[in-house]
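Chemist: Under my numbering, the first residue of the sequence shown carries the number 3, and numbering increases by one thereafter. For every residue, glycine included, the Cβ atom is placed at its ideal position computed from N, Cα and C.
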Amino acid sequence: MSVNASAWYGARITLPRAGGQWRTVSRKSTSKVQGLKASGNAYQIVGNIENAGNKTIGSWQTFNAHNTIAKYVATYSAGSSIKAAFQTNSYNYLTTTAYLSWRP
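(1) Using DSSP with H/G/I as helix, E/B as strand and the rest coil, what is Gly42?
(2) Spell out the partners DSSP gives Asn53 in its beta bridges.
(3) Taking just the CA atoms, how far does Arg29 sit from Thr90?
(4) Which residue's Cα is closest to the Cα of Tyr101: Val27, Ser31 and Ala44?
(5) Closer than 6 Å by C-beta to Ile15: which residues in its own chain qualify, once you throw out the five before and the five after it? Chain order, please.
(6) The beta strand (DSSP E) spanning Ile15 covers which residue range?
(7) Pick from Phe88, Ser31, Asn94 and Ile47: whose alpha carbon is nearest that of Phe65?
(8) I'd like the list of long-range same chain contacts for Gly81, defined as Cβ closer than 8 Å, with 5 residues on each side in sequence excluded.
(9) Applying the criterion that 16 or more other CB atoms from any shown protein chain within 10 Å of the CB defines a buried residue, is Ser61 buried or exposed?
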């Protein structure tokens, strides 16, 4: 069994209400599958992987309130410059603070 020991990057971020978005800096993809996680969130957050031009290259992942589970997105972009994007849902009228992390 192969274990991918690439690092997770994260920070505690406050997302603006009603679809407010935050993107990470670009990093070189270390595998074909990337990890996303939102934890400590009081409201639902969605996350995705994007290429350097801010185009979605993976499926959106939903992190319900008080999430503790990482989710994985197959982008098949090993070696490419990618970033993670997180946002609140458009119907969320409250700011949301969470620890947002990703594994390129």
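Modeler: For this structure:
(1) In the sequence shown, residue 42 corresponds to position 40, counting from 1. Residue state, collapsed to three classes: coil.
(2) On the sequence shown, position 51 is the one that residue 53 refers to. Answer is Ile84.
(3) As a working mapping, residue 90 is identified with position 88 in the sequence shown. As a working mapping, residue 29 is identified with position 27 in the sequence shown. So the two alpha carbons sit approximately 23 Å from each other.
(4) Reading the sequence shown from its first residue, position 99 is the one you call residue 101. Ranking Val27, Ser31 and Ala44 by Cα distance to Tyr101 puts Ala44 first.
(5) Position 13 of the sequence shown holds residue 15. Hits under 6 Å: Trp24 and Leu102.
(6) For the purposes of this step, residue 15 is identified with residue 13 of the sequence shown, where counting begins at 1. That run of the beta strand (DSSP E) goes Tyr11 to Leu17.
(7) In the sequence shown, counting from the first residue as 1, residue 65 sits at position 63. Minimum Cα distance to Phe65 is reached at Ile47.
(8) Here residue 81 corresponds to residue number 79 of the sequence shown, with the count starting at 1. The answer, listed in chain order, is Lys30 and Ser31.
(9) The residue you call residue 61 lines up with position 59 of the sequence shown. Under this definition Ser61 is an exposed residue.
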